[in-house]
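Protein chains in written order, with the numbering used here: chain A, 1 to 340; chain B, 341 to 680. Presented below is the structure to which this report refers.
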DNA sequence: GACGCCCGTTGAAGCGCTTCGACGAATGAC
DNA sequence: GTCATTCGTCGAAGCGCTTCAACGGGCGTC
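This is how it looks when you write it as structure tokens:
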């Protein structure tokens, strides 16, 4: 019923060369004459040869798989996680790597398992918490790893992330320059802060630091991504003239809540978001935002990982500078603006 | 720097037995005396032995990995996809399988690659389109596959899904029983219908069929998951007394839009959703819903796949019957209800 | 014209595991 | 007491690939 699988020996026979020649053609690790190469490639095509992944991993001592540890728990900022995942898969595939999905539930044991069994050549972790049990485990693994995020103690680890502290500062500086003196940070759900997730806290610290520096009064309010929660969150900060929303699932709800309260954007309130560009552009009006560069970070993580796997050394931490894109949702305070 | 990996031979030596005995202890495929077993297991523990995945795959002719093909494209109903992914990973892990992430971008070639190279023992596909190029490819693969969803021509394939046709019918029947005579289906974004995604169309057909049968007038409107889109969608269906929302990302926006228009739920309009329970419970008021059983489907897909891999034969298609949970958002039409 | 070199190719040795067939010891039947 | 069985263990073969060392033939050099 199923045809017997094609092996490298079949290809070799068909092309009239040895198996090692086929291997060298495919890997390019040795010079092969053009004529032989073509013969071999033709046979590969004709026979539909796919090298056996297990055999390759065994002999070559590399599986060409990387593990991606994702927080699949409910309540995560799901679309952004997906963007990261897509970026990682994309970047990995372009380097001929596949991606093994590992959930955070499996914890450190799961990482030890996939690394210890040589199932993967390296690991990428997302959403690492301040006191994540997996962080010490990573240091003892026989495979390299890269974190997307910044744990409390990044010693001995390679991390990439957006510079959220700076992002918080940039937001405040932008608003301060426009003349705002009272701003509110609408952040992640409370649970995310409690969990000690780095990016949420760092943004908050950046906001506070820049506010102090710029003579701006700053509130910080956690926020569930639901309309009633957005309404409730706006209550205690009624006098803020600008909002920084660091919660992409809630952005639209915040805008709706403002509309419901009869406060126009940017006429009465300026709104600034830390979110992916597509979210900022899907909102009405288009929201000035600091981009969360999921694609760039995913790609960078893969690059760093493969570089480490090849024995190159790489910077311990790379924090991408935030980029603020001005759109239609921010204005100086205190003067209503006509919409065009 | 990195200690040399522990092999089965090391364990055998340490335990004073042969390598095959270790293998049999670990696989349980042959009777082993209790005393030997304990000795071996102790050595495994002491040495921290993890069998080499590649070697195991090569010798055992099974990788213990399944591929999960996900639509990582933007605009998908992301949280539900995540729920499915989590369920699949969970179920797979509980059977000692790992999950390889394959994106829809890779298309049929990607599936051929992972199956052809024996990287995976089987494949699970989500979000298959009506004329998906991958469907014919699946039939020729040397590995079993299971679809979550129902393609136009499921011949020769194993599929599991919610019975969305029936779900649409159940919604209309429920509303008809309450006395509603004009209902509107607020569905997926237009692009999803255009793409020919099965579940969206089947729901619509179910709604239409049941409406005709029950003497109910039914509109069907596609819907983007944004507040302004929700507002716009409500306009042409102002006289409907009940809404069926089959778009979980838009549910909250629809409720907000109704509130904005001064129409109370369920006083003026009944709202019924096809969505996961947690989404229905997060809304205000809690929304009567037909559950999308992501966890059950994910688990079922894995079970079916592994059964096929073991050579058992399994039903070609399994459509789970929809379950409607009555909450607070539906009432008979035409009489405003006081909120308690 | 002989020598050494390099290029393209090959055979063979593993990589670490599973599994088959075989073997010795212990057990039960008669 | 002998013979057939069963049980627990072992040795060896082999899964399909990569890679090393080696080899033969063409070339340039003197």
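Just so it is clear, CB atoms sit at the ideal spot from N, CA and C, and this is done for glycine as well.
Are the C-beta of residue 227 (chain A) and some C-beta of chain B separated by less than 8 Å?
In the first chain, residue 227 (chain A) corresponds to position 227, counting from 1. Taking Cβ atoms only, chain B reaches closer than 8 Å to residue 227 (chain A), which makes this a yes.
For a cutoff of 8 Å on Cβ pairs, would you count residue 340 (chain A) as touching chain B?
Position 340 of the first chain, counted from the first residue, corresponds to residue 340 (chain A). Because residue 340 (chain A) sits at a pLDDT of 38, beneath the cut-off of 50, its placement in the model cannot be relied upon, and the following sentence gives the value as read from the coordinates. Not one chain B Cβ lies under 8 Å of residue 340 (chain A).
Backbone CA spacing between residue 402 (chain B) and residue 396 (chain B) [nearest angstrom]
In the second chain, residue 402 (chain B) corresponds to position 62, counting from 1. In the second chain, residue 396 (chain B) corresponds to position 56, counting from 1. Roughly 8 Å separates the two Cα atoms.
Taking 8 Å as the threshold (beta carbon to beta carbon), is residue 336 (chain A) in contact with chain B?
Counting from 1 along the first chain, the entry for residue 336 (chain A) is found at position 336. Confidence at residue 336 (chain A) is low in this model, with a pLDDT of 48, below 50, so its placement is unreliable and no value can be given for it.
Using the Cβ count rule (16 or more neighbours within 10 Å means buried), how would you classify residue 95 (chain A)?
In the first chain, residue 95 (chain A) corresponds to position 95, counting from 1. Exposed is the call here.
Beta-carbon proximity list for residue 4 (chain A), same chain, < 8 Å, skipping 5 on both sides
Here residue 4 (chain A) refers to the residue found at position 4 of the first chain. In its own chain, leaving out the 5 sequence neighbours on each side, no residue places its CB closer than 8 Å to the CB of residue 4 (chain A).
Under the three-state DSSP convention, the category residue 383 (chain B) falls into
Taking the first residue of the second chain as 1, we reach residue 383 (chain B) at position 43. Correct three-state label for residue 383 (chain B): helix.
Where does residue 346 (chain A) land, buried or exposed, given buried means 16+ other C-beta within 10 angstroms?
The requested residue 346 (chain A) is not part of the displayed model; chain A covers only 1 to 340.
Provide the residue(s) that pair with residue 690 (chain B) in DSSP beta bridges, ordered along the chain.
Given a span of 341 to 680 for chain B in the structure shown, any question on residue 690 (chain B) remains unanswerable.
Can a CB atom of chain B be found closer than 8 Å to the CB of residue 101 (chain A)?
Sequence index remark: in the first chain, residue 101 (chain A) carries index 101 (1-based). Answer yes: the Cβ-Cβ gap between residue 101 (chain A) and chain B drops below 8 Å somewhere.
Cut-off 8 Å between Cβ atoms - residues of its own chain near residue 482 (chain B), not counting five sequence neighbours on either side:
Numbered from 1 along the second chain, position 142 holds the residue referred to as residue 482 (chain B). These residues qualify, in order along the chain: 455 and 456.
Could you tell me whether the Cβ atoms of residue 443 (chain B) and residue 86 (chain A) are closer together than 8 Å?
One-based indexing of the second chain puts residue 443 (chain B) at position 103. One-based indexing of the first chain puts residue 86 (chain A) at position 86. The Cβ atoms of residue 443 (chain B) and residue 86 (chain A) sit closer than 8 Å to each other.
Determine which residues share a DSSP beta bridge with residue 669 (chain B) and list them.
Along the second chain, read from residue 1 onward, the residue named residue 669 (chain B) stands at position 329. Residue pairing by DSSP places residue 669 (chain B) in no beta bridge whatsoever.
Residue 138 (chain A) and residue 111 (chain A) look like a contact to me (Cβ under 8 Å); what is the Cβ gap, rounded to whole Å?
Along the first chain, one-based indexing puts residue 138 (chain A) at 138. Along the first chain, one-based indexing puts residue 111 (chain A) at 111. Contact flag correct, Cβ pair sits at about 7 Å.
With H, G and I counted as helix, E and B as strand and the rest as coil, what does DSSP make of residue 140 (chain A)?
Here residue 140 (chain A) is taken as the residue at index 140 of the first chain, counted from 1. Residue state, collapsed to three classes: helix.
Three-state class that DSSP yields for residue 234 (chain A) in the structure shown
For this step, residue 234 (chain A) is matched to residue 234 along the first chain. Under the three-state reduction of DSSP output, residue 234 (chain A) falls in the helix class.
Buried or exposed for residue 235 (chain A), going by 16 or more other Cβ atoms inside 10 Å?
Position 235 of the first chain, counting from 1, holds the residue named residue 235 (chain A). The Cβ neighbour count for residue 235 (chain A), taken over all protein chains shown within 10 Å, is under 16; the residue is labelled exposed.
Short CB-CB distance (under 8 Å) between residue 592 (chain B) and chain A
On the second chain, residue 592 (chain B) is found 252 positions in, with the first residue counted as 1. Residue 592 (chain B) counts as touching chain A.
Which one or two residues does DSSP pair with residue 511 (chain B) in a beta bridge?
For the purposes of this step, residue 511 (chain B) is taken as the residue at position 171 of the second chain. Secondary-structure assignment with DSSP links residue 511 (chain B) through no beta bridge to anything.
First and last residue of the beta strand (DSSP E) that includes residue 66 (chain A)?
Here residue 66 (chain A) corresponds to residue number 66 of the first chain, with the count starting at 1. Its beta strand (DSSP E) spans residues 65-70.
Does any residue of chain B bring its CB to less than 8 Å from the CB of residue 79 (chain A)?
Position 79 of the first chain, counted from the start, is the residue given in the question as residue 79 (chain A). For residue 79 (chain A), the answer is yes, since a Cβ of chain B falls inside 8 Å of its Cβ.
Counting C-beta neighbours from all protein chains within 10 Å, is the total for residue 530 (chain B) 16 or more, i.e. buried, or is it exposed?
By one-based count along the second chain, residue 530 (chain B) stands at place 190. Exposed, because fewer than 16 other Cβ atoms sit within 10 Å of the Cβ of residue 530 (chain B).
Find out if the Cβ-Cβ distance for the pair residue 399 (chain A), residue 178 (chain A) is shorter than 8 Å.
Not covered by the structure: residue 399 (chain A). The range shown for chain A is 1 to 340.
Start and end residues, alpha helix (DSSP H) containing residue 85 (chain A):
For the purposes of this step, residue 85 (chain A) is taken as the residue at position 85 of the first chain. From DSSP, the alpha helix (DSSP H) with residue 85 (chain A) extends over 78-94.
How big is the Cα-Cα spacing for residue 377 (chain B) and residue 306 (chain A)?
For the purposes of this step, residue 377 (chain B) is taken as residue 37 along the second chain, with counting starting at 1. For the purposes of this step, residue 306 (chain A) is taken as residue 306 along the first chain, with counting starting at 1. Linking residue 377 (chain B) to residue 306 (chain A) through their CA atoms gives a straight-line distance of about 40 Å.
Within the stretch 247-297 of chain A, ranges of the beta strand (DSSP E) (whole runs, at least 3 residues):
DSSP runs (the beta strand (DSSP E)) wholly in the stretch 247-297 of chain A: 270-275 and 288-291.
For a test of the three-state rule: what should DSSP assign to residue 242 (chain A), helix, strand or coil?
For the purposes of this step, residue 242 (chain A) is identified with residue 242 of the first chain, where counting begins at 1. Residue 242 (chain A) falls in the strand class under three-state DSSP.
Does chain B have any CB closer than 8 Å to the CB of residue 82 (chain A)?
Here residue 82 (chain A) is taken as the residue at index 82 of the first chain, counted from 1. So, interface residue.
Residue-chain proximity (residue 113 (chain A), chain B), Cβ-Cβ < 8 Å
For the purposes of this step, residue 113 (chain A) is identified with residue 113 of the first chain, where counting begins at 1. Judged by the 8 Å Cβ criterion, residue 113 (chain A) is in contact with chain B.
Just to confirm my understanding: we take residue 64 (chain A), look at its own chain, exclude 5 residues before and 5 after, and list those with CB closer than 8 Å. What are they?
Along the first chain, read from residue 1 onward, the residue named residue 64 (chain A) stands at position 64. So the list reads 53, 56, 57, 96, 97, 98 and 121, once near-sequence residues are dropped.
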